[in-house]
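Numbering (my numbering), first residue to last: 327 to 672.
Backbone N, C-alpha and C fix where the C-beta goes; we use that ideal spot for every residue, glycine too.
Being a predicted model, the structure only gives us computed values, none of them experimental.
For reference, the structure is listed below as structure tokens.
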Amino acid sequence: MATAAHRMDAPAALPDDLLLAVRDLKIAIGTDEGRIVPVNGVDLTLGHGRTLGLVGESGSGKSLSTKALMQLLPNTAQILDGSHLLFRTKQGSVVDLAGFAPRGKQIRAIRGGEIAMIFQEPMASFSPVYTIGNQMIEAIRLHRGFDKKAARALAIDMLGKVGLSNPRLRVDQYPHELSGGMRQRAMIAIALATNPSLLIADEPTTALDVTTQAQILALIRSLQDELGMSVLFITHDMGVIAQVADEVAVMYMGEVVEYGPTRDVVRHPQHPYTRGLLAAIPSIDQIGGRLTPIGGDLPSTRPSGCPFHTRCDQAISGRCDTVQPESTALGPSWWARCHLLGQAAS
Ligand code: SF4
């Protein structure tokens, strides 16, 4: 079972404008070859009503980092001592989610009620043997204390809000009776019916065609404005980040290598890996043009020095492969970890 080997001495300080602060998050996983640390000192902050994009290739640690918030890590994983996941509850108290037992009462109250999650594959959110309505009504009653009639009325209202036609019919349908795009909308309705203050969206549009993807992104944004929630949006696609995120954290091999306002990072990326992610997507003026995939694969173990040096065409021999770069401030809330920036600043 995943455990949180963790002291309960978390600093309770969370600035008022923040809903969430991840501080020095480290996650270890036991493997046949020994222990690995796929998340190695992640720091993130998320303000009320803001969207933070977490971007990186598969294996960068972004999904694992967010699963830690819900204590939904694999059984072999462990949040390491010294990690803090500070979260402001609806009652206004600050709790450290890293200290909660994965199956305990405290995290179960947070999960679904205060933090909700949507995935790439909506069927993972549903039980196939219950109607959409029954699943929503159960969650609404559990987390919002509504009676059955009021919960059903809210479920129908939410299904209408996410753009499903004829919500009075949909509420009594089973998940397999809906099309893929409709299931995606129903999944969002279920997640938001409990009025969470944080929505974690883990690649929710990756499997969709471009048109449906644009509709779902617009839907998430409009519901966010209406409900006032914050969103942690996980994707491998910088194009999606540019559309949805206020701030972006670029992750590589379990570390944040660049963090800042999305507009700045997308227009003037400072880390070579961020530039690589941007070059790998079709921007408006690149459509029809050549895209440049990032060369090489993620190493199986963390290299010494800068973790990106095995794939970086600007790596400085004798430095990047031996010395880990510190973060360099690029603006009030913008920084990156690269020796080239350190050189420019010195
Ligand atoms: Fe490339 Fe060196 Fe910068 Fe790492 S520190 S991203 S290897 S230039």
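State buried or exposed for residue i, treating a residue as buried only when at least 16 other CB atoms are found within 10 Å of its CB.
| i | result |
| --- | --- |
| alanine 442 | buried |
| threonine 588 | buried |
| serine 419 | exposed |
| lysine 475 | exposed |
| proline 651 | buried |
| histidine 594 | exposed |
| lysine 416 | exposed |
| arginine 361 | exposed |
| threonine 371 | buried |
| aspartate 528 | buried |
| arginine 663 | buried |
| alanine 655 | exposed |
| proline 658 | exposed |
Could you tell me the distance, in whole angstroms, from the CA atom of residue i to the CA atom of residue j?
| i | j | result |
| --- | --- | --- |
| serine 653 | arginine 601 | 17 angstroms |
| proline 530 | valine 557 | 12 angstroms |
| alanine 568 | histidine 562 | 12 angstroms |
| glycine 459 | phenylalanine 472 | 14 angstroms |
| glutamine 596 | phenylalanine 559 | 21 angstroms |
| arginine 434 | histidine 469 | 10 angstroms |
| isoleucine 463 | proline 629 | 49 angstroms |
| glycine 622 | glutamine 461 | 44 angstroms |
| serine 643 | alanine 465 | 55 angstroms |
| glycine 554 | aspartate 572 | 14 angstroms |
| aspartate 422 | glutamine 432 | 11 angstroms |
| aspartate 358 | threonine 402 | 11 angstroms |
| arginine 509 | leucine 480 | 18 angstroms |
| cysteine 646 | threonine 537 | 42 angstroms |
| arginine 414 | leucine 345 | 5 angstroms |
| glutamate 447 | glycine 506 | 9 angstroms |
| isoleucine 526 | alanine 427 | 20 angstroms |
| serine 409 | valine 348 | 8 angstroms |
| proline 625 | isoleucine 482 | 48 angstroms |
Mind reading off the beta-carbon distance from residue i to residue j? Whole number of angstroms is fine, and I expect it under 8 angstroms.
| i | j | result |
| --- | --- | --- |
| glycine 439 | proline 341 | Actually they do not touch by this definition, with Cβ atoms about 23 angstroms apart. |
| glutamate 581 | glycine 367 | 6 angstroms |
| isoleucine 514 | isoleucine 546 | 7 angstroms |
| leucine 380 | methionine 577 | 6 angstroms |
| histidine 374 | aspartate 343 | 7 angstroms |
| leucine 543 | valine 566 | 7 angstroms |
| isoleucine 353 | glutamine 397 | Contact doesn't hold; Cβ gap of about 12 angstroms is too wide. |
For residue i, which residues does DSSP report across the bridge?
| i | result |
| --- | --- |
| lysine 352 | Asn366 |
| glycine 360 | Thr357 |
| methionine 577 | Val582 |
| alanine 655 | Trp661 |
(message) When you compare the stretch 447 to 458 with the stretch 497 to 513, are there three or more beta-carbon pairs, one atom per stretch, that lie closer than 8 angstroms?
(response) yes
(message) Pairs of beta-carbons, one from the stretch 486 to 500 and one from the stretch 385 to 402, closer than 8 angstroms: are there three or more?
(response) no
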